[in-house]
Amino acid sequence: MNFKKILDFFIKPRIWFLLIVMIIAVGAIVGTAIIMTQDGPTILGFVFLGIMVVSVGYSVYGIIKVLPTVQERAMKWSENRPFWNRLFTEYGFRTIFFSIGAFIINIAFAIYNGTVAIIIGSIWFGALAAYYVFLIVLRGGILIYHSRRRKAIANGQTEEKTHLRDTKVYGKCGIILVLLPIALTPAIVQMVRANNAFIHTGLTIYAYAVYAFYKIGMAIYNFVKTRKTNEMTVRASKNINLADAFVSILALQTAMFHEFGTGMGDFNIGTMNAITGAAVCALTAAIGIFMIVVTTKILKKSK
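Going left to right, the sequence shown walks through residues 1040 to 1342 as the working numbering numbers them.
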């Protein structure tokens, strides 16, 4: 095998080879975290760090390269499967479908936090339960509306009337997002006064950090991507995801302070949590106000 063939193999990675590299990347991340946190900077730690950088970087490159091939194969496979074909080809349908998973997770978290709040009499868990109830109302409302929307369209509802109804649902979601800080404020107050925090011990905090940054990155990307679409319920769903992602960043900050904030002092930690919490509340309310303004403009224009 000459150099050109070897270079071509790495430039155009096979799917099986990319999976092996991704497994190596995960192992390198875990190994680096264990060595660096327990033994400090060592030669072995830097070796793992180098492997991690190379494998993660190549994994990102490889995913970008093989994604068109995977999409082409998936599209071909779904040609005679209506549900999967819609899932792969219709952005709006895909958004609503994945909202079901988020809706179920929100219900689980609301039940868990509410139960703990009642058992131990905790304001902190009660505030978190209230926050998830708001998300349940938002996501559940969109899902229920879409079920009725599909029947209305099947019964001959015009495209113009459908768009107006979609817009009204979008505006109602904006109103609830404006009210969402009401549920967040007690939790933030508990963070500052009682030093409560989201807790992720050991290596789980690194996994949660990756998840939180991925979540905020994808939420911002989808927010920009759907900004000019006419599918108002899709826009509403993505805006809800963005507001939820803001809270994930706040949760990550409190978890990082809890795990690594020794020596910072309660005042500094409380101040940072208060500032970030206020910013999250303000940004969430701003998204809601933006949605209300857009809804008002569209409804006025339609008249």
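Heads up, the beta-carbon is just placed ideally off N, CA and C, and yes, glycines get one too.
Consult DSSP for P1121 and reduce its assignment to one of helix, strand or coil. As a position in the sequence shown, residue 1121 is number 82, starting the count at 1. When secondary structure is reduced to three states using DSSP, P1121 falls in the helix class.
For G1316, three-class secondary structure by DSSP: Numbered from its first residue, the sequence shown carries residue 1316 at position 277. Residue state, collapsed to three classes: helix.
In this structure, does DSSP put T1334 in helix, strand or coil? Your numbering for residue 1334 matches position 295 in the sequence shown. T1334 falls in the helix class under three-state DSSP.
Could you have a look at T1272 and say whether DSSP puts it in helix, strand or coil? In the sequence shown, the residue the question calls residue 1272 occupies position 233. Shown here, T1272 sits in a helix according to DSSP, grouped into three states.
Mapping the DSSP letters down to three states, classify N1280 as helix, strand or coil. Residue numbering aside, residue 1280 sits at position 241 when the sequence shown is read from its first letter. If DSSP states are grouped into helix, strand and coil, N1280 belongs with the helices.
Is it right to say Y1171 is buried, meaning 16 or more other beta carbons lie within 10 angstroms of its own, or is it exposed? Within the sequence shown, numbered from 1, the residue matching residue 1171 stands at position 132. Counting the other CB atoms within 10 Å of its CB gives Y1171 a total of 16 or more, which places it among the buried residues.
Suppose contacts are defined by Cβ-Cβ distances below 8 Å. Is A1067 in contact with M1091 by that definition? Within the sequence shown, the letter at position 28 stands for residue 1067. Within the sequence shown, the letter at position 52 stands for residue 1091. Cβ atoms of A1067 and M1091: closer than 8 Å.
Counting pairs of Cβ atoms below 8 Å between the stretch 1314 to 1331 and the stretch 1211 to 1228, do you hit three or more? Enough Cβ pairs lie closer than 8 Å, so yes.
I1215 to F1137 span [Cα, whole Å]: One-based indexing of the sequence shown puts residue 1215 at position 176. One-based indexing of the sequence shown puts residue 1137 at position 98. Each residue's alpha carbon lies about 21 Å from the other.
Count the other C-beta atoms from every protein chain shown that fall within 10 angstroms of the C-beta of L1289, then say buried if there are 16 or more, exposed otherwise. On the sequence shown, residue 1289 is found 250 positions in, with the first residue counted as 1. The residue in question, L1289, is buried, as its Cβ has 16 or more Cβ neighbours within 10 Å.
Need the endpoints of the alpha helix (DSSP H) that E1199 sits in, please. Within the sequence shown, residue 1199 is the residue found at index 160, counting from 1. E1199 -> alpha helix (DSSP H) spans E1198 to R1232.
For the alpha helix (DSSP H) that S1161 lies in, which residues bound it at each end? Looking up residue 1161 in the sequence shown gives position 122. From DSSP, S1161 is part of no alpha helix (DSSP H); its letter is neither H nor E.
Minimum length 3: unbroken beta strand (DSSP E) runs contained in the stretch 1040 to 1100: With a minimum length of 3 residues, no continuous beta strand (DSSP E) run stays inside the stretch 1040 to 1100.
Give the secondary structure of T1265 by DSSP, where H, G and I count as helix, E and B as strand, and everything else as coil. Residue numbering aside, residue 1265 sits at position 226 when the sequence shown is read from its first letter. Coil at T1265, not helix or strand.
K1254 burial status per 10 Å Cβ neighbour count (16 or more: buried): Counted from its first residue, the sequence shown places residue 1254 at position 215. That one is buried.
Of the residues I1326, A1325, F1296 and S1117, which one's Cα is nearest the Cα of N1312? Taking the sequence shown and counting its residues from 1, one reaches residue 1312 at position 273. Measuring from the Cα of N1312, the nearest candidate turns out to be F1296.
Three-state class that DSSP yields for E1129 in the structure shown: Counting from 1 along the sequence shown, the entry for residue 1129 is found at position 90. Three-state result, E1129: coil.
When you compare the CB positions of C1212 and I1144, do they come within less than 8 Å of one another, or not? As a first step, residue 1212 must be located in the sequence shown, where it is residue number 173. As a first step, residue 1144 must be located in the sequence shown, where it is residue number 105. Contact flag unset, no.
C-alpha gap between I1146 and Y1130, whole angstroms: By one-based count along the sequence shown, residue 1146 stands at place 107. By one-based count along the sequence shown, residue 1130 stands at place 91. I1146 and Y1130: Cα-Cα distance of roughly 25 Å.
Whose CA, out of T1315, I1314 and A1275, lies closest to the CA of V1333? As a position in the sequence shown, residue 1333 is number 294, starting the count at 1. The residue with the shortest Cα to Cα distance from V1333 is A1275.
Check whether T1323 and L1177 have beta carbons under 8 Å apart: Indexing the sequence shown from 1 puts residue 1323 at position 284. Indexing the sequence shown from 1 puts residue 1177 at position 138. No, these two residues do not count as a Cβ contact at 8 Å.
What's the C-alpha gap between D1283 and G1195? Sequence index remark: in the sequence shown, residue 1283 carries index 244 (1-based). Sequence index remark: in the sequence shown, residue 1195 carries index 156 (1-based). Take the alpha-carbon of D1283 and the one of G1195: they are about 36 Å apart.
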